[in-house]
Amino acid sequence: MINDQLLSPRSIVVVGGSNDRHKPGGAVLQHLIEAGYRGELYVVNLKESRVQGITSYPDPSQLPDVDLAIIVIAAKYVVDIVEYLAKEKNTRAFIVMSAGFSEEGEEGKKLEKKLVDIVNSVNGTMIGPNCIGVLTPYYAGVFTRPIPKLHPSGFDFISGSGATACFIMEAGIPIGLTFSRVFSVGNSAQVGVEDILQYMDETFDPKLSSRNKLLYLETISKPDVLLKHASSLIRKGCRIAAIKAGTSVEGTRAASSHTGALASPDVAVDALFRKAGIVRCYGRGELINVASIFRFPVLKGKNIAIITHAGGPAVMLTDALSAGNMGVPQLSGPVAEELHTHLHPGSSVANPIDFLATGNAEQLGTIIDYVETKFDEIDGMVVIFGTPGLDRVFNEYGVIHEKMESCSKPIFPILPSVMTAGEEIKDFISWGHPYFPQEVLFAKALAQVYFTPEPSSLHPDHPPVDEIAIRKIIDAAQPGYISPKEIQGLLDACEIPRAGEAVVKSFEEAKQAAHDLGFPVVMKVVGPVHKSDVGGVVLNVRTEETLLIEFNRMMQIPETTGILLQPMLSGSELFIGAKFEPKFGHLILCGLGGIFIEVLKDTAAGLCPLDVKEAHAMIKRLKSYKIIQGVRGHQGVNEAKFADIMVRLSALLEVAPEIMELDFNPLLALGDSVVVVDARVRVEKDEG
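Pasting the structure below:
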């Protein structure tokens, strides 16, 4: 869908170009001229014959054929001019900056659809409407500022919001970030963030393409496209960070299951980013810090040496790195003692390596060399170096630059003196390096990048399941919550271990089942969704007398159609659930059961299809993971069995996409076994 006419047009017409540079039509034309666009440049303006020195045509019929049209006129006139240019002037690329389309309401949506239909009819490309434009090495087609000097190794930046794109660039440029191409997609009527990312993946050139991508999304219309092409780019050596705005819980739907209540659309976004290998950010500052880290070599381990002449920032950095599960190991022994001899008395080499306010450029270089070559346990360095303004620090910053160029271990510069060392920092940036003004924000970003997993397989090998048996049950099931017998069949078809059980409708059946299963038993009503709320669960039934009393009572509970009997089992309570999220597919959640799911909501989520590695990673992300491992005499859970059930559930969901919500709650883990004790499954089917 992205074409050459958009990326490298031989000719551009600005429809609505103006002499008033304070208007969008004047500003975009000014930027095209100032950035040195080398193709043919035209203007359509009904009242002017020349606009900013460019020939202007009051009648578009006088135009020659033109590759790209930048439209900056009232919305009600846009459809006609786009149709004329597409059909009469062979224009195949359009940037519609004009507002007044789908963001304005129903009439605007109709206009927007007409635009898309016209552009599609000629196999063209349209960015917008309601956007700030596009920046490529060939032209500056934007009406806003800043306009960064583009560099091939800079960031490809795709944004769903023009203003946000400007604010992010304004924050990034002063600390040394550069950009390669910038796309503001506005309403994404034809081309969205996902489509441009797809183009970047399909045209990726390992020698020429930028390896760093930034995304700002307000909606994800094509999560499958985003997942496929983001993970593909990352496997090719790219790094991607993204903000997905609009994460509040107010928009989530009510659900009848634990999983449905916990699996919000934002949980799906988080799972998608994790599966793709995208570093998720929640604000502009966070994105800028993560992006800056992308410009450094990849850390091969998590152990960091802090080199500083200022104790306070080093302590705060140590705390923040530790909170993010990064390592700041103590340095000691003969090598550390040898390093100490090169520093002023009172210096510390324990890590942080504090060479005092009187430390100089030579000492800084020596410390970096020692960390690079003699401390094998260190994977990367952070240099904190500012100034109180008594001396210039050009030499020290020169040393940091030289060592960043020569060392194999990444060196992250934290330069806090943004005013008193402003000139020195400007020089440092000119050498092509970003820097970090604040140590704590840096530490958080470093941990985010380090612990973002590699992309997961999009087509993992699942354990075999009985697809015929599954489809037979699902095809015959009625919409809504299916019966315990049907659930038993699904579990058995997937070889998911379950507790023995029987559904009974008379006391004689209950008595026989209780003896077959073995006292004590658990009794649960069949029918009501929330059994515990209506007194529909009785534990530890040990005698026939209690069985009779409870059977008669429970059968009187409204909506009850039978009683489910199971053996009274013990063990650690676990939880696994699944929910279908429109566009994204199925989410699987896991956690501890009981209070952990009801009150603490300690769960981890993954996007189907799920492989074993992802399942284990989900378990390890739980805040309660120490309990799963076993702590203070509490027997741990067989993690392999827990993960295997999740993967088998993923296989079930692939065969039975009609499953909308599913709860295994609880599973009981005792010794080597993990078994499903209670399960609910809700299916939906397309009408007709």
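Read in my numbering, the sequence shown has 1005 at position 359, and its numbers run on one by one without any break. For glycine and all other residues, C-beta sits at the position ideal for the given N, C-alpha and C. These figures come from a predicted structure and were not determined experimentally.
Residue i burial status per 10 Å Cβ neighbour count (16 or more: buried)
| i | result |
| --- | --- |
| N1335 | Residue 1335 is absent from the structure shown; the chain starts at 647 and stops at 1334. |
| G832 | buried |
| V661 | buried |
| G682 | exposed |
| Y1096 | buried |
| E1100 | exposed |
| M1264 | buried |
| L1246 | exposed |
| Y723 | exposed |
| E749 | exposed |
| E896 | Summary for E896: the model assigns pLDDT 47, below 50, so the residue's position carries little reliability, and this model does not support an answer. |
| P670 | buried |
| A1003 | exposed |
| G1035 | exposed |
| M815 | buried |
| P1125 | exposed |
| H1335 | This structure leaves residue 1335 out entirely; the chain is present only between 647 and 1334. |
| D847 | buried |
| K1170 | buried |
| E1079 | With the sequence shown as reference, residue 1079 is identified as His, and Glu is not the correct amino acid for it. Result: buried. |
| D841 | buried |
| H955 | buried |
| V1322 | buried |
Within 9 Å, strictly: CB atoms of residue i and residue j
| i | j | result |
| --- | --- | --- |
| P798 | L714 | no |
| M772 | A721 | no |
| P710 | K735 | yes |
| V728 | S664 | no |
| C1244 | G1252 | The question names Cys, yet the displayed sequence has Glu at residue 1244. Cβ atoms of E1244 and G1252: not closer than 9 Å. |
| A922 | I880 | yes |
| P943 | S1054 | yes |
| N787 | L861 | Residue identity differs from the one stated: residue 787 is Gly in this sequence, not Asn. Not a contact, by the Cβ cut-off of 9 Å. |
| P1143 | S1319 | yes |
| V915 | K890 | yes |
| A1145 | I1209 | no |
| G1223 | D1309 | yes |
| S702 | E694 | yes |
| E1304 | K1331 | yes |
| M1306 | R1326 | no |
| L1235 | L1220 | no |
| L872 | L918 | yes |
| K859 | D912 | no |
| E864 | G806 | yes |
DSSP-derived helix/strand/coil call for residue i
| i | result |
| --- | --- |
| F829 | strand |
| A1067 | coil |
| T1387 | Nothing about residue 1387 can be read from this structure; the chain reaches only from 647 to 1334. |
| A1160 | helix |
| S702 | strand |
| R667 | coil |
| V1329 | strand |
| S1178 | helix |
| L1061 | coil |
| M1169 | strand |
| V1045 | helix |
| V1095 | helix |
| E1147 | coil |
| Y730 | helix |
| H986 | helix |
| K890 | strand |
Residue range of the unbroken beta strand (DSSP E) whose run includes residue i
| i | result |
| --- | --- |
| L1253 | T1249 to L1253 |
| T771 | T771 to I773 |
| E1219 | S1218 to E1227 |
beta-carbon residue i near the ligand FMN non-hydrogen atom, thresh 8 Å
| i | result |
| --- | --- |
| K1247 | Within the structure as shown, the ligand FMN is missing, as the structure has no ligands at all. |
Start and end residues, alpha helix (DSSP H) containing residue i
| i | result |
| --- | --- |
| R881 | P869 to R881 |
| M1201 | Note, M1201: premise wrong, no alpha helix (DSSP H); not H, not E. |
| K948 | Careful: K948 lies outside any alpha helix (DSSP H) and carries neither H nor E. |
| E1300 | E1285 to V1301 |
| A673 | P670 to E680 |
| T1033 | Where T1033 is concerned, there is no enclosing alpha helix (DSSP H), given that its DSSP letter is neither H nor E. |
| V915 | P911 to A922 |
| I1024 | Segment: none, I1024 is in no alpha helix (DSSP H) and carries neither H nor E. |
| A739 | Run containing A739: none in the alpha helix (DSSP H); it sits in the beta strand (DSSP E), A739 to V742. |
| I1119 | E1113 to A1122 |
*Count the C-beta pairs between the segment 1107-1117 and the segment 930-945 that are closer than 8 Å, then say yes if the count reaches three, no if not.*
At 8 Å Cβ cutoff, the stretches do not touch.
*Looking at C-beta atoms only, is the number of pairs between the segment 942-962 and the segment 1013-1025 that lie closer than 8 Å three or more?*
Counting C-beta pairs closer than 8 Å gives three or more between the segment 942-962 and the segment 1013-1025, which meets the contact rule.
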